[in-house]
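Count the sequence shown with the UniProt record's numbering and you get residues 1 to 144, in order.
C-beta: ideal position from N, C-alpha, C; glycine also.
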Amino acid sequence: MEPNKLFISENIIVDNKFLNGGILVNNAGKITKVLRHHEIAPYKKCQNVEIIDVGTHVIMPGIVDSHVHVNEPGRTDWEGYETATRAAAAGGVTTIVDMPLNSIPPTTTLHNFKQKLKAAQGKVYVDVAFWGGVIPGNQVILAN
């Protein structure tokens with residue numbers, strides 16, 4: 001798949017270093033190549049590549065937070081998927097993983113898991129994954 005966007009920045013973080021260059025992104029939103037500054041010129045001539053120059057703004061990998069407790073649908077007034085994922089995005093987090101316990105409902109049954117999935121639909125601003133909890137007594141239920 002050919003790239004359709006080229007993000008140019010003087011500050012791209014790659015391997016814990018700053019790089020002056022560009023990031024090629026395809027139609028599916030996937031990064032296809034990281035370019036050094038001297039490699040950018042040919043892409044600027046391509047008709048099918050949209051150039052987005054962010055100047056000195058930093059382009060960096062997204063962060064995965066694998067330990068989040070989202071209390072929706074149980075205590076949405078405390079924190080729900082919309083507020084949790086907006087806050088995550090504001091901090092550079094691109095994926096959260098909802099923990100199974102200390103949230104309402106706990107994802108220790110298939111029913112509760114489906115409730116969490118339904119509650120998250122249409123309300124998330126980052127990728128969301130879910131841990132399922134194995135507790136005494138639910139191993140048989142989860143196996144089915």
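- Query: Is the stretch 64 to 75 in contact with the stretch 34 to 44, if contact means three or more CB pairs nearer than 8 Å?
  - Reply: no
- Task: Please work out which residues of its chain come closer than 6 Å, Cβ to Cβ, to alanine 84, disregarding the five sequence neighbours upstream and downstream, and give them in chain order.
- Result: Val70
- Near glutamine 96, which residues of its chain fall below 7 Å by C-beta distance, leaving aside the five closest residues on each side in sequence? In the sequence as presented, glutamine is not what sits at residue 96; that position holds isoleucine. Only Asp65, Val68, Ala84, Thr85, Ala88, Val126 and Val128 meet the Cβ criterion.
- Query: DSSP beta-bridge partners for threonine 95?
  - Reply: Val64 and Asp127
- tyrosine 81 to methionine 60, Cα distance in whole Å? 24 Å
- Task: Please state if the CB of valine 93 and the CB of isoleucine 63 are separated by a distance shorter than 9 Å.
- Result: yes
- Message: Determine whether the beta carbon atoms of tryptophan 131 and threonine 107 lie at a separation below 9 Å.
- Response: yes
- Task: Measure the Cβ-Cβ separation of isoleucine 8 and aspartate 77 and say whether it is below 9 Å.
- Result: no
- Task: Report the residue ranges of all beta strand (DSSP E) runs contained in full by the stretch 6 to 84; include only those spanning at least 3 residues, in chain order.
- Result: 17 to 26, 31 to 36, 50 to 53 and 63 to 68
- Message: Spatial neighbours of isoleucine 51 within its chain, please: C-beta separation below 7 Å, excluding the five flanking residues on both sides.
- Response: Leu6, Ile8 and Lys44
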